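Peer 1: Below is a structure I'd like to ask you about.
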Amino acid sequence: LSGGVDSLATALIVHKAIKDNLFCIFVDNGLLRKGQYEELMKKFRSKLALNVIGVDASQFFLEGLKKVTSPERKRKVIGEKFIRVFEEEADKIGEVEFLAQGTIYPDVIESNPVKGPSSSIKSHHNVGGLPSQLKFKLIEPLRELFKDEVRAVASELGVDGEFIRQHPFPGPGLAVRIVGEVTRERIKLLREADEILLQEVKKANIYHKLWQAFVVLLPVKSVGVMGDRRTYQNVVVIRLVQSVDGMTADWYPARPELLSRISNRIVNEIE
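Here our numbering is used: the first residue of the sequence shown is 2, the next is one more, and so on.
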């Protein structure tokens, strides 16, 4: 489980087939949104009849990301780390032969185009980011579906609408929204800015009009003035995106007042 609708729909499909022989692994890789791990663990255990094992592997992932700046390399490191965590948990469970993943068609297309002249866009951690040698056989029941189709499947499986309509969040988490090296300090900064953005987007009642709303932390600093002091601080970019299936996207024409509130809060509330 990753916390998204793709992996949850996969888990529910597999659970229908093998019941309690399914063990769901939810990994805290240190790259999740603020409070996301605790909130989702509570939801998984209280509302779903799934056997969910929570694993705090944040230190393991962050060690692997030291001095890694390329987004493609980040995805491959994170994909490999996920597999190592799954292998360790599988050894504890014993006799695990299959790994079920919530891979969907856009993941496959972007990682390794199957037809035509298209080039690889990016390696998804669960496709192009996987190690070449796996101890498991992969099961990917959603591999040929687009996101809107997966949401329809999840609805048929009884997943609540609020969960289904949540914005997609990348498997590598905040690591791919940090341009440059990933550190605990930079993750904390981005996490706080991301939380402010989501609060304001929801308050403005546009959350469900958007495909994604997120913040990107840049590897630069900028001079500014606060009160009578000169500042030299980090720079973040806000992205509000519209899409249907995640294959094409367009920017959302946010009202200036909303952008002003978001920027003022980020500048004033984050150290």
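Glycine included, C-beta positions come from ideal geometry on N, C-alpha and C. Keep in mind the model is a prediction, meaning the values are calculated, not measured.
Taking contact to mean 3 or more Cβ pairs, one atom from each stretch, closer than 8 Å, check whether the stretch 153-171 and the stretch 180-195 are in contact.
Peer 2: Verdict: no, contact absent.
Peer 1: My assumption, with CB atoms under 8 Å, is that Val53 sits in contact with Leu2. Please give the rounded CB distance.
Peer 2: One-based indexing of the sequence shown puts residue 53 at position 52. One-based indexing of the sequence shown puts residue 2 at position 1. The Cβ separation is near 7 Å, so the contact holds.
Peer 1: Three Cβ pairs or more, each shorter than 8 Å: is that satisfied between the stretch 170-187 and the stretch 246-256?
Peer 2: These segments do not touch.
Peer 1: Can you check which of these residues, Ile105, Pro220, Leu33 and Lys204, is closest to Ser71 by C-alpha distance?
Peer 2: Within the sequence shown, numbered from 1, the residue matching residue 71 stands at position 70. Minimum Cα distance to Ser71 is reached at Pro220.
Peer 1: Between which two residues does the beta strand (DSSP E) carrying Ala155 extend?
Peer 2: Along the sequence shown, read from residue 1 onward, the residue named residue 155 stands at position 154. Segment Lys148 to Glu157 is the alpha helix (DSSP H) holding Ala155; no beta strand (DSSP E) there.
Peer 1: Assuming the contact rule is C-beta atoms closer than 8 Å, Gly5 and Gly103 should be a hit. Round their C-beta distance to whole Å, please.
Peer 2: Here residue 5 refers to the residue found at position 4 of the sequence shown. Here residue 103 refers to the residue found at position 102 of the sequence shown. The Cβ separation is near 7 Å, so the contact holds.
Peer 1: Alpha carbon to alpha carbon, how far is Asn269 from Ser120? Give it in angstroms, no decimals.
Peer 2: Reading the sequence shown from its first residue, position 119 is the one you call residue 120. Reading the sequence shown from its first residue, position 268 is the one you call residue 269. Residue confidence for Ser120 is low, a pLDDT of 49 falling below 50, so the modelled location carries little weight and cannot support an answer.
Peer 1: For a test of the three-state rule: what should DSSP assign to Pro169, helix, strand or coil?
Peer 2: Within the sequence shown, residue 169 is the residue found at index 168, counting from 1. Residue state, collapsed to three classes: coil.
Peer 1: If you draw a straight line from the alpha carbon of Gly228 to that of Phe62, how long is it in whole angstroms?
Peer 2: Here the question's residue 228 lines up with position 227 in the sequence shown. Here the question's residue 62 lines up with position 61 in the sequence shown. Each residue's Cα considered, the two are about 39 Å apart.
Peer 1: Could you tell me the alpha carbon to alpha carbon distance between Ser264 and Asp92, rounded to whole angstroms?
Peer 2: Reading the sequence shown from its first residue, position 263 is the one you call residue 264. Reading the sequence shown from its first residue, position 91 is the one you call residue 92. Distance between the alpha carbons of Ser264 and Asp92 is about 47 Å.
Peer 1: Going by beta carbon distance, what residues of the same chain come within less than 8 Å of Phe27, once the five residues before and after it are set aside?
Peer 2: The residue given as residue 27 occupies position 26 in the sequence shown. Contacts found: Leu2, Ser3, Gly4, Tyr38, Leu41, Met42, Phe45, Val53, Ile54, Gly55 and Val56.
Peer 1: Just list the residues that DSSP pairs Gly225 with in beta bridges.
Peer 2: Within the sequence shown, residue 225 is the residue found at index 224, counting from 1. Gly225 pairs with Thr232.
Peer 1: What residues in its chain sit with their C-beta under 8 Å from that of His16, if we drop five residues either side in the sequence?
Peer 2: Within the sequence shown, numbered from 1, the residue matching residue 16 stands at position 15. If we look at His16 and ignore the five residues flanking it on each side, its Cβ neighbours are Leu23, Ala50 and Leu51.
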